[in-house]
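Count along the sequence shown starting at 1, add 11, and that's the number in this note's numbering.
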Amino acid sequence: MGRSKIVLFGFMASGKTTIGGLLSEMTGMRLLDTDVMVEEVAGATVEEVFAAGGEERFRELERTEVLRAAGRQNVIIAVGGGAVLEPGNVVELRRAGVMYLLDVSADEVRRRAHRSGGRPLLGGGKGDVEELMRARRGVYREAADVVIETTGRKPSEVAGEIAADFRSRSPGRTDGS
């Protein structure tokens with residue numbers, strides 16, 4: 012079937028889950044959020060998995076769930092900010108779908124993360140966010156088929172842009188089927 016899925020990735024608080032939910036409503040495709048999938052398998056929150064087993068344990072679980080999601084049909088896959096740092100994940104996700112990088116500014120990340128509570132790997136300092144974003148930027152851009160700026164934009168506007176782009180890449184697909 013080829014690249015029949017929408018894959019959303021980006022830095023924490025870039026809007027993956029929110030935009031994925033809106034895309035699901037627009038396209039009829041089911042949203043699979045790999046962080047939620049990890050939580051279901053682990054029986055613990057992402058934060059608890061990090062606390063108990065560290066990042067290594069979380070990435071193990073995440074890898075399994077990325078593979079599981081990539082094998083599903085008619086889905087939107089939202090992956091955590093670190094998932095594309097693993098080359099094997101990128102290979103599977105690229106094979107499965109169109110990779111949309113949701114780009115966001117460091118200031119916007121801090122605002123959004125503050126509103127939603129603490130996030131793993133986000134120490135809270137201004138330099139921490141910018142340093143981590145800088146470290147990941149090249150890998151993110153290399154993995155992306157399409158870069159979508161989300162800073163200062165309404166989630167519905169971003170979701171509409173992605174839906175239109177995906178339809179243009181998938182002739183005959185108007186509703187995700």
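We put the CB at the ideal spot given by N, CA and C, even for glycine.
Computed from a predicted structure; not experimentally measured.
query: Looking only at its own chain, which residues have a Cβ that is under 7 angstroms from the Cβ of Val-77, when we skip the five neighbours before and after it?
result: Thr-45, Val-90, Ala-94, Asn-100, Glu-103 and Leu-104
Candidates Ala-175, Ser-25, Ser-15 and Arg-14, of which the one nearest Leu-112 by Cα: The closest CA to that of Leu-112, considering only Ala-175, Ser-25, Ser-15 and Arg-14, is found on Ser-25.
message: Considering just the uninterrupted stretch of the beta strand (DSSP E) at Met-37, what are its terminal residues?
response: Premise fails: Met-37 lies in the alpha helix (DSSP H), 27-38, not in any beta strand (DSSP E).
task: Take Leu-143 as the anchor and find which of Leu-96, Met-110 and Leu-33 has the nearest alpha-carbon.
output: Out of Leu-96, Met-110 and Leu-33, the CA that lies nearest to the CA of Leu-143 is found in Leu-96.
- request: Return the chain-ordered list of same chain residues with a C-beta closer than 7 angstroms to the C-beta of Pro-166, the five sequence neighbours on each side being excluded.
  value: These residues qualify, in order along the chain: Gly-26, Thr-29, Ile-30 and Leu-33.
- prompt: Assuming Val-18 and Ala-107 make a contact with CB atoms under 8 angstroms, what is their CB distance in whole Å?
  reply: 7 angstroms
query: In three-state DSSP terms, what is Val-115?
result: coil
- request: Kindly list the residues whose CB is nearer than 8 angstroms to the CB of Ala-174, restricted to its own chain and excluding five residues on each side of it in sequence; keep chain order.
  value: Leu-34, Met-37 and Thr-38
Nearest-angstrom Cβ-Cβ length linking Val-140 and Val-120, presumed shorter than 8 angstroms: 5 angstroms
Alpha-carbon spacing of Asp-114 relative to Thr-162, whole angstroms: Rounded to whole angstroms, the separation of the alpha carbons of Thr-162 and Asp-114 is 7 angstroms.
task: Give the single residue among Val-109, Phe-177, Glu-58 and Ala-124 whose Cα lies nearest to the Cα of Phe-20.
output: Proximity to Phe-20 across Val-109, Phe-177, Glu-58 and Ala-124 peaks at Val-109, based on C-alpha coordinates.
- request: Could you tell me if Glu-73 is buried or exposed, where buried requires 16 or more neighbouring beta carbons within 10 angstroms of its beta carbon?
  value: Flag for Glu-73 reads buried.
For Asp-44, three-class secondary structure by DSSP: strand
query: So which of Ala-81, Glu-67 and Glu-66 has the shortest CA-CA distance to Arg-41?
result: Ala-81
Coarse secondary structure for Gly-93, derived from DSSP in three states: coil
message: Taking DSSP's pairing of strands, which residues face Leu-19 in a bridge?
response: Ala-89 and Tyr-111
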